[in-house]
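If you want the working numbering, it's the position in the sequence shown, counting the first as 1, plus 1111.
Glycine is no exception: its CB is placed at the ideal position from the N, C-alpha and C atoms.
Remember, it's a predicted structure, so these values are computed and weren't measured experimentally.
Report on the structure given below.
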Amino acid sequence: MGVYPATSSTLQGPSVPINNDIQLHRLFERNESAYPEHMAVMHGELGQPSVRLNFTELNAISNQLARGIIARAGSKNDDGDFVVAVQLPPGDGLIATLLATWKAGAAYLPLDVSAPQHRIQHVIDEAKPCLVITCTPEAEVYDNKSNIVYSLKQLKSQSVALSASNLEDRETLVGYVDGRRPATIIYTSGSTGTPKGVRLPHCVIFNRLNWQWNRFPYSDTEHTCVFKTSLTFVDSVAEIWAPLLHDTPRCLMVIPKAITKDPERLINILHDNKIERLVLVPSLLHAILLYMGISNNNEQQSSMINQNNEQGILSSLKLWVCSGEPLPVSLAKQFLDTFSGHTLCNFYGSTEIMADVSYYAIKSFKDLCFGDKIPIGVPVDNTALYLLNDKGQTVEPGCLGELYVAGANLASGYVNNRDPHRFVENRLPHDQGMGMDRMYRTGDYGKVVNGVLLYEGRTDSQIKVRGHRVDLTEVETAIRQLQDAGIDKLAVLCYKPGETEQALLAFVVFDSNVRMTATDVEDRLKNALPEYAMPQVISLESMPYLVNGKIDRQTLLRQYSEISVLDNIKESKIDFTDIDASQMETAKHLFETVSCVLGSSLRSHISPAANFFALGGNSLNAIYTISKLADLGYSIAVSDFITAPNFGIVINKMRFSSKRKACCKDEEWLSEKYTRQMLEPKHKDDMIKIIADSFYEKADLEHWIVPKVPYSEYTDILELLWEPMLEKNLSFVVQSKESDRLMGAALNFDALDEPDIEFNGRLTVIFEFLESLEGPIRRDHLPKSKGSILHSFMMGTDNSLDAATNVEVITYMEQEVLKLGKTNGFEGIFTTNTNPLTQQLGANVFGYKILHDCQINSYVTPDGNKIFGEAPDNQRAICCWKVIQ
């Protein structure tokens, strides 16, 4: 990828000459001279005419505003910087204001329009802007005694008067703009609970842009680029300025925030304007791919989409850049399944190192060869990455170290020189290039494998939420500062950081004489924290502690995952409005059960109009809900529950019996949607992919083995089993009757006629564990003759299925296994379930008898190791037997 070879655990990016005296606005002015009529900015709010400005028009407006800034700006701040704070919505006015700020010799400081008042006040008090440009100068947050707050409208009108009078003013506030002076100051979450401002010079931004222009050049057909990222997010810098400052500029299309929250409208805009590159966080990529999956089954849009989307919707969007948070392997696979010939990049960095300091490009499945991780890759131009131990020495290749960054992407530091220990002298051997004498201590762990860098977590309490840096200390501080909240004990944690199920949690114990609730705390926090940093507040009667007196964080996280352990039935979230008196008792049992199951993950009120999955439900807790209702004497078909648009329909479908009974059968309904096909040679690739993906991403045993079992082992096992499975003719795939798509696969053998295969991979320890459970049961409790036991040993579903469809397909496969066993004369079905969903289905829907229930963290290998030692107590392997009637 154009980098120097790794020495020890150091990666060096290419050395490229860069002008340290660069002034970014001069690049714009160069383009205005060369391309005066070229379209510069397009912007249109919903329901309003669009605005289009060419380079000459945008330059004229920014010159006009710059004169106003120069005439009205106050003094420098404590760092000697002229800073203009900008609190404007996305639009042509914002772009002109940012450009004008540079022309005036100042740095722009973004202020979040939706940020809490105290956060804005802190930024203004510390950064001391010489001018604040906003839509609402009368807002209470601004102390305008010094007359530095202006609306954009005011500044425009007064700047016209200045231009007309031919005011003789200085070229800029500072006379000459040094490329090492800040171009922007962006505030990030601070480890002390207080946000801190990062000072990013012109030359640092230019190094990042120049690398992008060279490494990922614009194509001849790439005429328009998009700006959709919040200005307070550092990725906005490259999004705005890369198209406008390139020597052959592109038009910048400003997308309103409302559209970025709606995948359908966003996709249509990207498609209609033939956008060829997009920067986004993984969560937005996931939403886009989900929408495209839905659209694929929509007849009205099928003409736009075909297999691998080669000529369909978003076919022009060849470069996708994910940054801001870890990119899951499963999401990358989903991307490759959707697009052919497109590139997905994983960019890594933070505001202190100009957003992106390393990158990894994914073009095919062969690039996903690092187990359960996607590398953060190799360094950008003029940068070096070091992995150091606690003594400041480089670690050996393949070993874990803390990541330090040196080079031309480093910020000048923080406002008021806060946290100087984060920027340290580089005492390691290094080239005498730009910025190599300083290093930024990222606080991230990593390791170098095969010449690329893998991210291995944080050294502190910082996490990423939708690309935003959130420090758990800041959240904790905000909660502790709530007046009269009466919080006795507090723990702020992140559940499954970096994963799809990530949740920011605040566990609180209230003083005994306080009537405050968790909901009250959440409501008050809205005035103290940004929306993305808002935690779910969970009230506890007592806080668990370790023997050393510290809070037992693992117990708290385990309690959160076992939602039923927590007493989270919130009467305030249950609404019985419009429930008929004759159905009130049924509704009460249903709503309280749902509240208990969903617990703190409940997203809204439970009411007759609410939908289970919209409230936060998924495949597993849908079955768990049905099971708990059965314990109360209520039966409902799985299909009726998961397809019901609202709880009003669920209530009508529920039937009560004083005797607890299994859920209603679904055979007829599911058989209308799906069909079983016995394995044939044409199914091989699809079957292997479905099973390998399912077990690699969701395996409940392998998850606890370190290092993780590589993806290739699952495919290798299935390759070895393929011919025996064809020969025995007991395995099948499930196909959708509507789309002919393969949805799942069920692999079965005669338990006393299973093939012997030679395999020496890491999965061997799983086979040994299963044999330790199943061997004694087969020997002492099951029939002994061949043809009597059908062993259901692997079952998987397509990983792109939504929660409801996933339940349907698994239920259908379980039904078909029973039919297959009966047709072939087997006495019963034997299976070991490690997945909670299939455990629930087996016990509560299909009536399997539990022969052995093993807590997996108690298993000890023959050589004395507890390979599942980190698993929670509720992680179990259950051996089951079902007699075929």
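Checklist entry - Ordered along the chain, which non-local residues of its own chain (more than five positions away) have a Cβ less than 6 Å from that of D1751? => result So the qualifying residues of the chain are K1764.
Next on the checklist: Can you check which of these residues, E1350, I1574, R1626 and V1581, is closest to G1597 by C-alpha distance?
Outcome noted: The shortest C-alpha separation from G1597 is found at R1626.
Next on the checklist: Within the continuous beta strand (DSSP E) that includes V1708, where are the two ends?
Outcome noted: Per DSSP, V1708 belongs to no beta strand (DSSP E); it is in the alpha helix (DSSP H), M1695 to L1709.
Checklist entry - Do the stretch 1132-1147 and the stretch 1505-1523 meet, that is, are 3 or more Cβ pairs less than 8 Å apart? => result Output reads no: the stretch 1505-1523 does not touch the stretch 1132-1147.
Item to check | Counterpart residues of I1900 in DSSP-defined beta bridges | outcome: For I1900, which the question treats as bridged, DSSP gives the partners G1939.
Item to check | Straight-line Cα distance separating G1124 from D1478 | outcome: Using only the alpha carbons, I get a separation of about 20 Å.
Item to check | 8 Å contact criterion, which L1841 and I1868 should meet: CB distance rounded | outcome: Incorrect: roughly 16 Å between the Cβ atoms, too far for contact.
Next on the checklist: For N1527 and S1911, what's the separation of their Cα atoms in angstroms?
Outcome noted: Each residue's CA atom was taken as its position, placing N1527 and S1911 some 49 Å apart.
Next on the checklist: Let me confirm a value: C1362 is counted as buried when at least 16 other C-beta atoms fall within 10 Å, else exposed. Which label applies?
Outcome noted: With 16 or more other Cβ atoms within 10 Å, it is buried.
Next on the checklist: Using a 10 Å radius around the Cβ and a threshold of 16 neighbouring Cβ atoms, would you call M1695 buried or exposed?
Outcome noted: Exposure of M1695 is indicated by the presence of fewer than 16 other C-beta atoms within 10 angstroms of its C-beta.
Item to check | L1667 - containing beta strand (DSSP E), residue span | outcome: No beta strand (DSSP E) holds L1667; the alpha helix (DSSP H) holding it covers R1664 to S1672.
Checklist entry - From D1236 to Y1825, what does the alpha carbon distance come to, in whole angstroms? => result For D1236 and Y1825, the distance between alpha carbons rounds to 57 Å.
Checklist entry - Should the stretch 1319-1331 be called in touch with the stretch 1342-1353, which here means at least 3 C-beta pairs below 8 Å? => result By the criterion of at least three beta-carbon pairs nearer than 8 Å, the stretch 1319-1331 is in contact with the stretch 1342-1353.
Next on the checklist: Output needed for I1961: all residues of its chain with C-beta closer than 8 Å, excluding positions within five of it in sequence on either side, in chain order.
Outcome noted: A1954, I1989, C1990 and C1991.
Next on the checklist: I need the DSSP call for F1481, collapsed to helix, strand or coil.
Outcome noted: F1481 sits in coil when the DSSP states are folded into three classes, being neither helix nor strand.
Checklist entry - In three-state DSSP terms, what is K1444? => result Residue state for K1444 is assigned as helix, using DSSP reduced to three classes.
Checklist entry - Looking only at C-alpha atoms, which of Y1551, L1447 and E1849 sits nearest to L1496? => result Shortest Cα-Cα distance from L1496 to any of Y1551, L1447 and E1849 involves Y1551.
Item to check | Residue environment, F1957, which counts as buried when at least 16 other CB atoms sit within 10 Å | outcome: Around the CB of F1957, 16 or more other CB atoms lie within 10 Å, so the residue is classed as buried.
Checklist entry - To which residues of the same chain is N1944 closer than 7 Å at the C-beta, ignoring the five residues directly before and after it? => result Taken in chain order, the residues that qualify are Q1950, G1953, I1989 and C1991.
Checklist entry - Applying the criterion that 16 or more other CB atoms from any shown protein chain within 10 Å of the CB defines a buried residue, is G1308 buried or exposed? => result Buried, because 16 or more other Cβ atoms sit within 10 Å of the Cβ of G1308.
Checklist entry - Whose C-alpha, out of H1233, R1852, V1243 and K1239, is nearest the C-alpha of P1306? => result Residue H1233 is the option with its Cα nearest to P1306.
Checklist entry - Which residue comes first and which comes last in the alpha helix (DSSP H) that contains M1836? => result Per DSSP, M1836 belongs to the alpha helix (DSSP H) from Y1822 to K1839.
Checklist entry - Should C1314 be labelled buried (16 or more other beta-carbon atoms within 10 Å of its own) or exposed? => result The residue in question, C1314, is buried, as its Cβ has 16 or more Cβ neighbours within 10 Å.
Checklist entry - Does the Cβ-Cβ distance between L1498 and L1514 come in under 8 Å? => result A distance below 8 Å separates the beta carbons of L1498 and L1514.
Next on the checklist: Which of the three DSSP states is assigned to N1763 in this structure?
Outcome noted: Reduced to three states, the DSSP call for N1763 is helix.
Item to check | CA nearest to the CA of Y1219, picked from P1866, R1376 and P1240 | outcome: Ranked by how close their Cα comes to the Cα of Y1219, the residues P1866, R1376 and P1240 have P1240 in first place.
Item to check | For M1153: DSSP bridge partner residues | outcome: Beta-bridge pairing links M1153 to R1163 and M1364.
Item to check | S1746, buried or exposed, once every other Cβ within 10 Å from all chains shown has been counted against 16 | outcome: S1746 comes out buried.
Checklist entry - Pick from S1427, N1493 and K1214: whose alpha carbon is nearest that of D1331? => result Nearest of S1427, N1493 and K1214 to D1331, Cα basis: S1427.
Checklist entry - Where does M1364 land, buried or exposed, given buried means 16+ other C-beta within 10 angstroms? => result Burial of M1364 is indicated by the presence of at least 16 other C-beta atoms within 10 angstroms of its C-beta.
Next on the checklist: Taking 8 Å as the cut-off, does the stretch 1159-1173 touch the stretch 1367-1381 (at least 3 CB pairs, one atom from each stretch)?
Outcome noted: Segments in contact, no.
Item to check | Proximity below 8 Å, CB of S1270 to CB of Q1175 | outcome: Q1175 sits close to S1270, with the two beta carbons spaced by under 8 Å.
Checklist entry - Closest to T1505 by CA distance: which of P1490, G1557, T1454 and G1482 is it? => result Relative to the Cα of T1505, the nearest Cα in the group P1490, G1557, T1454 and G1482 belongs to G1557.
Next on the checklist: I need the DSSP call for Y1566, collapsed to helix, strand or coil.
Outcome noted: Reduced to three states, the DSSP call for Y1566 is strand.
Checklist entry - Considering only residues of the same chain and omitting the five flanking positions on each side of R1549, which have a CB-CB separation below 8 Å? => result For R1549, the CB contacts under 8 Å within the same chain, skipping 5 residues up- and downstream, are A1517, L1521, F1534, V1535, E1536 and N1537 in chain order.
Next on the checklist: In this structure, how does DSSP classify N1131 when only helix, strand and coil are distinguished?
Outcome noted: It is coil, neither helix nor strand.
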